[in-house]
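Taking it in order: structure first as structure tokens, then the write-up.
Numbering (my numbering), first residue to last: 81 to 1264.
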């Protein structure tokens, strides 16, 4: 029938169907049936959010439920349920039920519903929705009431079960209220404390009064009461507290505060009689000696679940936090596990276990382990049992858990202990045998097998006495065992005794025996015997006794005084020698203070010495002291005193003393002789210093005048005479220097520096110093520095220069033709040190084989005519050997007469961390404007020094002695024109240079004035006096102009000469500085001409080498070629070429090839120009 908006009968009938029932299902079914019947539909359905209310006659699928553009105000759950219903073809209409769900009705003839038909139902849909909501609300209210009733019932049942658990608990339990009134107790509690009343009679009792009355039951009543008060005040859970009873029992107590809704409501006391357990533990401790085996009991965890696994109740033992304990009620263990951070498999297993128990109604026990959120591993044993009502239905599931983490640890420790015990037993060095009360062997360790020669398998179960006790002692052994078993008394138990034992081969040997009874867990008693073979110990004791006897004889017959004394210094023992040497009988010495024998003037110091030894616990000391014998003789003794200790404390001293009177007399004589020798040595040094001064002073005048004379116009014969004079003076100076070096070596005053230096500069400097002399003789002077040799070293470059210069000078001196070669190689490398080998070879006259052993001796030469032919003193090689060996090196020589000699010096140097800083050369420094004071008493030295300094631009004043020098300094400062530097002679009349310097330093205005010593002595002693007086340096007389100028300029901070206007004007036209060249060759014109010829011949070869190295990118070869030619250019005074070659060497060494082509090109051009200029100049350089 078609539905219209005005069908009152249908609307009325549907309205009646809507309000016919409070059951939502029935109301929906009635409404749907009426709708189907009246409209001739094939089906109708009502879908609600909370449940499906199916009222269809025939099921129809609702996959076409939602029409295009038409919203459906229902939940996702409702739509999902509709979409999964079986499908049948037909037309479907949908109407929303506000806040409830959807109304759907179907027609199988596929005649579509029209909108007017659906709208006609709109008037009744709202009413139906309200009725349906009311029915659903009524249903939910009814269900909530039923669930609350079930929960209350479960809670009451849980409380009853909990009370039943407490009543049936094997532990004594007492529950008190906050005001200490009893609310619950069990029979075990009454029995434990001897209370004759039943537990219910205790309810309401005042526990405070009862505690006072029952305190006498405990071993320490005041402590018991005080502990109870402390626990009640703290209200913190305390478990496994052990209480000792007056009757000897031991109780274990737990105190558990009870919190309800976070508030303190009372507490629970749980007592357990652990007397037997503790006694058993003590027995076990005694048996195992090192290990504990009893762990404290942990209170159980209890929880009650419904059959679906939801928490109904949980004790504080299981969940201590009250808020978490309240939050878990009604949740499953899976939900709670998320809160606790447990692994997911744990709650799944628990839930399955609870379901299995609820279904099977059989209890289950299992263990579980998990790691907490803090990372700790915990182990539990769980007991899960069902609670079944009278109808046989599982109403609850009880979970009972024990934390067995400590027990697990104890079990593992026990297993480890047993393994350790077994390991100790098996690996013990002593024999260990365990026997029972019948004497049968139970255990026989490997050490026992080795000791007695029996295999364990062969003796287990046999009587020990028959195997290892000698026949003569077996009856006594058995009697002792029987007496112990009968009386409990065994004299040998718990002690160590020495007894004979029997080996398997029948031999007897001494052994040390310790036997102890042990009570096992099953109350059986066994005996553990530890035996040690003391054959070697006995032999050692016998040997010790014999040794002690010998020692006693040695002490009695010793020639030394041997005694002992207590801490007060009184003799407790003295041998016969002590009695004889002191003149006091042995009996009189015992008890006499040792101090009484010490000479009175030394007594206080000796007492203080030994008091310090005892106070500082110094084990051994030695002291020489005088004692006075009984007849008044003073005797010196030297004694070793050993501190005697017992238990870490000093108890006395033991001394061995010897008469050292004669030795001290000899030592005094030796000291006197040494002082005499030292005075003689000082006198010799003073003599050498004076002689050095006396010889160097006139020699300084000779050399100085010669240098000044060389600057004047001289003819050839005069210059020849001057050269002879200079040569003789230089020889005399070399002789004086050699003698002074020998004197310094003999007196031990030679000192070695450790400063950074460049080895290549030292070696090349030595070679350059001799290159002209070698060239003059037509010799080839070769220098070979191996590539592996490091150039930056730490050592004494001055002494190395002296060694090499001596060797090379000798080589040039004794070689008439051929060559001289210096080779430097690495001998060894050790960490930060390198050992170098310096080899000097020549092709000279050689040394006769018979003289090789003596060439390093002083004043020794290979031939008698050496001095006449070659000059020299025979000291050079001696100085080389002394300087080398004092630096830890070696020097050797090989030679063939007529073919040459080879000297090899090996020295070690430290490797420098960085290159030493190069100091600017002050040899050409400008002294213009400098005000200098010369304090010198010798007129010639005054004249020479003044003339040289004034020629370099300085203003010079002279003082005759130290007093005048001090006055001159004061006057200069007073006049406002202070001196810039003072040159101070040492030995002068009226006031010497040391005192004068000290007084200058005492003047505030002149405190920083540089003072250089002018001295002919370089002995170390005088160097020390210079430093002490405040001198800044020295110039050694006789001085050469370059040395004087360099020293003065360095202390004035001047290192460069001023530009010469004349030289500058001609610089563009002149490359060769003839003045520099003449100074370098010291006016020797023939030698100068020879140098020019050599340079002209050298340049073409060097240029080709430079160009080849540049073309082949050989930077190392380029640097080497530039370096060699640079030295020659410097000697000839060719400054521009020298500068260009230095730049080539620097660029090649630093690896900067970009600028090398243009620099080499300029160098080649300048070298060619220099050669042309030398060709032009040479005819004009005739010999004067």
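Beta carbons: idealized from backbone N, C-alpha and C, even for Gly.
Check your understanding: What is the rounded straight-line gap between the Cα of residue 1261 and the Cα of residue 1182?
Key -> 25 Å
Review point. Between which two residues does the beta strand (DSSP E) harbouring residue 1267 extend?
Key: In the structure displayed, the chain extends from 81 to 1264; residue 1267 sits before or after that span and is not available.
Exercise for review: Flag this pair as yes or no: are the beta carbons of residue 1012 and residue 1029 separated by less than 8 Å?
Suggested key: yes
Practice item. Under 6 Å Cβ to Cβ from residue 737, same chain only, skipping five residues before and after it: list those, please. Key: 641, 717, 719
Exercise for review: Tell me whether residue 965 sits in a helix, a strand or coil according to DSSP, three-state version.
Suggested key: helix
Check your understanding: Of the residues 314, 321, 319, 349, which one's Cα is nearest the Cα of residue 257?
Key -> 349
Exercise for review: Have a look at the DSSP bridge pairing and note the partners of residue 348.
Suggested key: 255, 336
Exercise for review: Please confirm if the segment 439-454 is in contact with the segment 345-359, defined as three or more CB-CB distances below 8 Å between the two stretches.
Suggested key: no
Review point. Hey, how far is the Cα of residue 1253 from the Cα of residue 1241?
Key: 19 Å
Point to revise | the segment 682-700 in contact with the segment 665-673 per 3-pair CB rule at 8 Å | key: no
**Study point:** Residue from 544, 698, 517 with nearest C-alpha to residue 528
**Key:** 544
Review point. Which of helix, strand or coil does DSSP assign to residue 928?
Key: coil
Exercise for review: Would you decide whether residue 334 is buried or exposed? Buried here means 16 or more other CB atoms lie within 10 Å of its CB.
Suggested key: buried
**Study point:** One or two residues paired with residue 716 in a DSSP bridge
**Key:** 706
Review point. In this structure, does DSSP put residue 1220 in helix, strand or coil?
Key: helix
Practice item. Put residue 1040 into one of helix, strand or coil per three-state DSSP. Key: coil
Check your understanding: Roughly how far, in whole angstroms, is the beta-carbon of residue 297 from the beta-carbon of residue 326, given that I think they are within contact range, below 8 Å?
Key -> 6 Å
Check your understanding: Going by the beta-carbon positions, is the gap between residue 28 and residue 1085 smaller than 8 Å?
Key -> The first residue shown for the chain is 81 and the last is 1264, placing residue 28 beyond what the model contains.
**Study point:** For residue 538, three-class secondary structure by DSSP
**Key:** helix
**Study point:** Distance, residue 250 Cα to residue 547 Cα
**Key:** 52 Å
Review point. So, do the segment 581-592 and the segment 609-626 have three or more beta carbon pairs nearer to each other than 8 Å?
Key: yes
Point to revise | Counterpart residues of residue 974 in DSSP-defined beta bridges | key: 982
Practice item. Apply the 10 Å Cβ neighbour rule to residue 981 and answer buried if 16 or more other Cβ atoms are within range, or exposed otherwise. Key: buried
**Study point:** Spatial distance of residue 961 from residue 857 (CA atoms)
**Key:** 27 Å
**Study point:** Backbone CA spacing between residue 1175 and residue 1038 [nearest angstrom]
**Key:** 45 Å
Check your understanding: In three-state terms, what does DSSP make of residue 922?
Key -> strand
Point to revise | residue 114 burial status per 10 Å Cβ neighbour count (16 or more: buried) | key: buried
Review point. When DSSP labels each residue in this structure, what does residue 285 get in the three-state scheme?
Key: coil
Review point. Between residue 894 and residue 922, which are expected to be in contact by the criterion C-beta below 8 Å, what is the C-beta distance as a whole number of angstroms?
Key: 7 Å
Point to revise | Reference residue 1107, options 221, 1074, 514, closest by Cα | key: 1074
Exercise for review: Report the rounded CA-to-CA distance for residue 639 versus residue 578, giving the unit in angstroms.
Suggested key: 41 Å
Practice item. Mind listing, in chain order, the continuous beta strand (DSSP E) runs of no fewer than 3 residues lying wholly within the segment 636-708? Key: 641-646, 651-654, 700-708
**Study point:** Whole-angstrom distance between residue 110 and residue 117, CA atom to CA atom
**Key:** 11 Å
Check your understanding: What is the rounded straight-line gap between the Cα of residue 751 and the Cα of residue 745?
Key -> 10 Å
Point to revise | Buried versus exposed, by CB contacts within 10 Å (16 or more), residue 886 | key: buried
Check your understanding: What's the gap between the Cα of residue 1201 and the Cα of residue 1124?
Key -> 33 Å
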